[in-house]
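Colleague:
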Amino acid sequence: MKISNPNLRNIAIIAHVDHGKTTLVDSMFKQSGIYRANEQAEDRAMDSNELERERGITILAKTTGGWYRGVKINIVDTPGHADFGGEVERALKLVDGVMLLVDASEGPLPQTRYVLSKALEAGLTPILVINKIDRPDSRVQEVLNEVFDLFIDLDAAEEQLEFPIVYTIARDGVAKATMEDPSTTLEPLFEAIVKHIPPPTGNPEGILQFQVANLDYSDYLGRIAIGRVFQGRLNLGDEVSVCHLNGQIQKTKITKMFTFEGLKRVEETSAGPGDILAIAGVEGITIGETVSHVDTPKAMAKIRIDEPTIGMVFTINTSPFAGREGQWVTSRNLRDRLDKELLTNVSLNVAEAGGPDAFQVMGRGELQLAILIEMMRREGFELMVGKPQILTKEIDGQVREPQELLVVDVPEQYVGVVIEKMGMRKGKMSKMVNHGSGRVRLEFLVPSRGLIGLRSEMLTDTRGTAILNSLFQGYIDWQGDIPMRMTGALVADRAGSTTGYAIFNLQERGEMFVEPGTEVYEGMIVGENSRFDDLNVNIVKEKKLTNMRASSADEAIRLVPPKLLNLEQAIEFINEDEWVEVTPKSIRLRKKILKANQR
Ligand SMILES: Nc1nc2c(ncn2[C@@H]2O[C@H](COP(=O)(O)OP(=O)(O)OP(=O)(O)O)[C@@H](O)[C@H]2O)c(=O)[nH]1
Ligand SMILES: [Mg+2]
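Numbered by the numbering used here, the letters in the sequence shown go through residues 466 to 1064 in order.
(1) Quick check on methionine 564: does DSSP put it in helix, strand or coil?
(2) Quick one: Cα of phenylalanine 725 to Cα of aspartate 740, how far?
(3) Hey, would you say methionine 889 sits closer than 8 Å to phenylalanine 909, going by beta carbons?
(4) So which of Asp958, Ile744, Glu732 and Leu686 has the shortest CA-CA distance to arginine 693?
(5) How is serine 962 classed by DSSP in three states: helix, strand or coil?
(6) Let me know the secondary structure DSSP gives proline 653 once reduced to three states.
(7) Going by beta carbon distance, what residues of the same chain come within less than 7 Å of glutamine 496, once the five residues before and after it are set aside?
(8) For proline 471, does the count of other Cβ atoms within 10 angstroms reach 16, so buried, or fall short, so exposed?
(9) May I have the straight-line CA-CA distance separating leucine 701 from threonine 528, to the nearest angstrom?
(10) Have a look at the DSSP bridge pairing and note the partners of leucine 910.
(11) Taking C-beta to C-beta, are isoleucine 595 and leucine 609 nearer than 8 Å?
(12) Which residues end up in the neighbourhood of ligand 2 when you take C-beta atoms closer than 5 Å to any of its heavy atoms?
(13) Could you check the C-alpha separation between glycine 485 and glutamine 972 for me, to the nearest Å?
(14) If you follow the beta strand (DSSP E) that serine 757 is part of, which residue opens it and which one closes it?
(15) Have a look at proline 653 and lysine 641 and give me their C-alpha separation to the nearest angstrom.
(16) Can you give me the start and stop residues for the alpha helix (DSSP H) that proline 591 sits inside?
(17) Give a yes or no on whether the C-beta atoms belonging to proline 575 and leucine 870 are separated by under 8 Å.
(18) Which same chain residues, not among the five before or five after alanine 818, have their C-beta less than 6 Å away from its C-beta?
(19) Under DSSP, the beta strand (DSSP E) around arginine 520 begins and ends at which residues?
(20) In whole angstroms, what is the alpha-carbon distance linking leucine 834 and proline 773?
(21) Less than 8 Å separating the beta-carbons of leucine 832 and leucine 680?
(22) Using CA coordinates, which residue listed in Ala931, Gly776 and Ala960 is at the minimum distance from glutamate 1007?
(23) Verify the contact flag: arginine 600, CB atom, against every heavy atom of ligand 1, threshold strictly below 7 Å.
(24) For glycine 746, which three-state DSSP category applies?
(25) For serine 796, name the three-state secondary structure that DSSP assigns.
(26) Give a single yes or no on whether aspartate 771 has its beta carbon closer than 7 Å to a heavy atom of ligand 1.
(27) Can we count aspartate 483 as close to ligand 1, meaning its CB is less than 7 Å from some heavy atom?
(28) Return the chain-ordered list of same chain residues with a C-beta closer than 7 Å to the C-beta of glycine 535, the five sequence neighbours on each side being excluded.
(29) When you compare only the Cα positions, how much space is there between isoleucine 617 and asparagine 782?
(30) Confirm, please, whether the CB-CB distance from alanine 569 to serine 603 is below 8 Å.
(31) Would isoleucine 662 and aspartate 561 qualify as a contact pair, given that the criterion is a beta-carbon distance under 8 Å?
(32) If you drop the 5 nearest sequence neighbours on each side, which residues of the same chain put their C-beta closer than 8 Å to that of tyrosine 966?
(33) How about glutamate 754 and valine 677: do their beta carbons lie closer than 8 Å?
(34) Taking just the CA atoms, how far does serine 921 sit from valine 882?
(35) Using the three-state DSSP reduction, which class does valine 1047 fall into: helix, strand or coil?
Here it is in structure tokens:
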């Protein structure tokens, strides 16, 4: 195929979570001359949305561009967390090559495998970037061998095996062609990209095909479709046809188009094959759709995305406190919001869940769903969500369930605890490696069900030291019952305001989730019972006042600090007969049936 533009390279950066993708992209555009001397970029500027900055992770894939010696390089930064794998799959549609980043100490982890397999499948040219070579525990040579093994394991093509290797300290903006290279800039990385990543191909005279791989929104421009021109030319003001996924053809005019430079979008008037563009003002356009010639439109093949593996019921808030703290509370509000989400988030599905007020929201993992809930509460929504459920599949008349590869990294002394815990959850150990650093890496094949609620338990069991990573591994036969939460709930038996006195008398029963002075309702969960069954408790009991003022005695009460659950912890905690109630101000847990005498 014909090279359409020798001075253009499109590349995605892919890796396991936290291996340094966003940091490297930052350093790349700091050195690509797009900032003027007086401009200063924040750290990890690409992680631009509020939740990304708070959590220090990338959630949405984002495109940026820079220049190196007259060559335009578009870089797509992708999220490393497995739940956002759908973002990576789509990002790969935009590019001709990938930088596979691997942490020099951690080596390849489950998501490294996943993203690399997607890149190889798509036939993309890889560059291997070993990052964080400054880490005192880096083990570059071993990690290199592990990466080679991974390529072979994934049946990489002969040419794909001849990948160039660059060693980096993303944080300092340094890349080296060999470990001995005295380089103090990213030049060796830019060189490798320009030399090894093929320039885009495609016939500029062909029928226009621009496929949308991502969506964005701005109050000023409305919907923005981000995609790539594969063939033909697109000029500002052109009449075009949009080929919708449902087969409909919509004629429209392109009135705004942009290319990417650093964090900015730059207006563009004409684009050809290989150009990554944002186009604005096309109502109703969505991911996978093709913008094509006005009279002879030709749709591109659909973008295939892995199916969801986990589902959660979202419903309206029916607790006694409903409507107090949120602005959007009706099932109509909920439905509209979920519909809006589906437009930009193609790895989610929504179905009715028994009744007009409940929706089954399906995605790739607990974090993906938790992020959606967190965004909704910040927008002013109130809702309730149920315990995450694994989505089973019927294959050849048999019920199959999703399975994950789980990698647990722990200090040696916790190996026993981890193996025991995973055994209970039907995990089968497939590998154990002792790196000799005092930490051990254990691999298990485990039904996805067995991962629900695992993270918080494992962190408690290992005093916060375990690192867990998992990757979807296809479907297996139903593995039978997996025992879940071994504890019951402490449930408020009446409404009121919690008292220090009541909490003091209850705290030996288990761990409390509320502080004194918290408003509760009957059926609200106020703590975890250390025994298996639920216990109804009066947590609003006042101390009987004697003639004497009681304050001095009250002050002497020693309360154990409560465990205030955040959203993810609350979701991990609840059982099937419980809800998490989410409002802009509060996260409460409750029984589905509130009245004690009806449970
Ligand atoms: N020591 C060291 N730390 C680094 C280096 N590069 C990045 N880091 C740190 O690694 C952490 C993760 O960096 P990010 O750039 O957010 O990682 P990411 O791959 O974008 O993470 P996700 O997008 O969430 O998958 C940050 O604390 C960085 O400061 C490096 O070269 N050396
Ligand atoms: Mg990132």
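For each residue, glycine too, the CB sits at the ideal point set by N, CA and C. Fair warning: this is a prediction, and the values are worked out from it, not measured in the lab.
Modeller: Working from what's here:
(1) Secondary structure of methionine 564 (DSSP, three-state): strand.
(2) Approximately 10 Å, taken between the alpha carbons.
(3) With respect to the 8 Å criterion, methionine 889 and phenylalanine 909 are not classified as neighbours on the basis of their beta carbons.
(4) Minimum Cα distance to arginine 693 is reached at Ile744.
(5) Strand, per DSSP.
(6) Looking at proline 653 - three-state DSSP - the assignment turns out to be helix.
(7) Hits under 7 Å: Gly638, Thr650 and Leu651.
(8) Proline 471 is exposed by the Cβ-count criterion.
(9) One C-alpha to the other measures close to 21 Å.
(10) Leu870 and Lys893, per the DSSP bridge assignment.
(11) A contact, by the Cβ cut-off of 8 Å.
(12) Going along the chain, the residues that qualify are Lys486, Thr487 and Thr523.
(13) Their Cα atoms are separated by approximately 43 Å.
(14) Per DSSP, serine 757 belongs to the beta strand (DSSP E) from 755 to 758.
(15) If you take the alpha carbons of proline 653 and lysine 641, they lie about 6 Å apart.
(16) That residue, proline 591, is in no alpha helix (DSSP H); its beta strand (DSSP E) goes 590 to 596.
(17) Contact flag set, yes.
(18) In its chain, beyond the 5 residues on either side, Val778, Phe824 and Gln825 have a beta carbon closer than 6 Å to the beta carbon of alanine 818.
(19) For arginine 520, there is no enclosing beta strand (DSSP E); the residue is found in the alpha helix (DSSP H) stretching over 515 to 520.
(20) When rounded, the distance between both Cα atoms is 11 Å.
(21) No, the pair does not count as a contact, with Cβ atoms beyond the cut-off.
(22) Looking only at Ala931, Gly776 and Ala960, the smallest Cα-Cα distance to glutamate 1007 is reached by Ala960.
(23) Answer for arginine 600: yes, Cβ within range of ligand 1.
(24) Here glycine 746 sits in coil by DSSP.
(25) Correct three-state label for serine 796: helix.
(26) No, the beta carbon of aspartate 771 sits no closer than 7 Å to any heavy atom of ligand 1.
(27) Checking the Cβ of aspartate 483 against ligand 1 gives yes.
(28) Cβ neighbours of glycine 535 within its own chain (closer than 7 Å, five residues either side excluded): Asn472.
(29) When rounded, the distance between both Cα atoms is 51 Å.
(30) Against a cut-off of 8 Å, the Cβ pair of alanine 569 and serine 603 comes out as a contact.
(31) The beta carbons of isoleucine 662 and aspartate 561 sit closer together than 8 Å.
(32) Setting aside the 5 residues that flank it on each side, tyrosine 966 is surrounded in the same chain by Lys1006, Glu1007, Lys1008, Asp1019 and Ile1022, each with a C-beta closer than 8 Å to its C-beta; the list follows chain order.
(33) Going by C-beta atoms, glutamate 754 is nearer than 8 Å to valine 677.
(34) Using only the alpha carbons, I get a separation of about 14 Å.
(35) In the structure shown, the three-state DSSP call for valine 1047 is strand.
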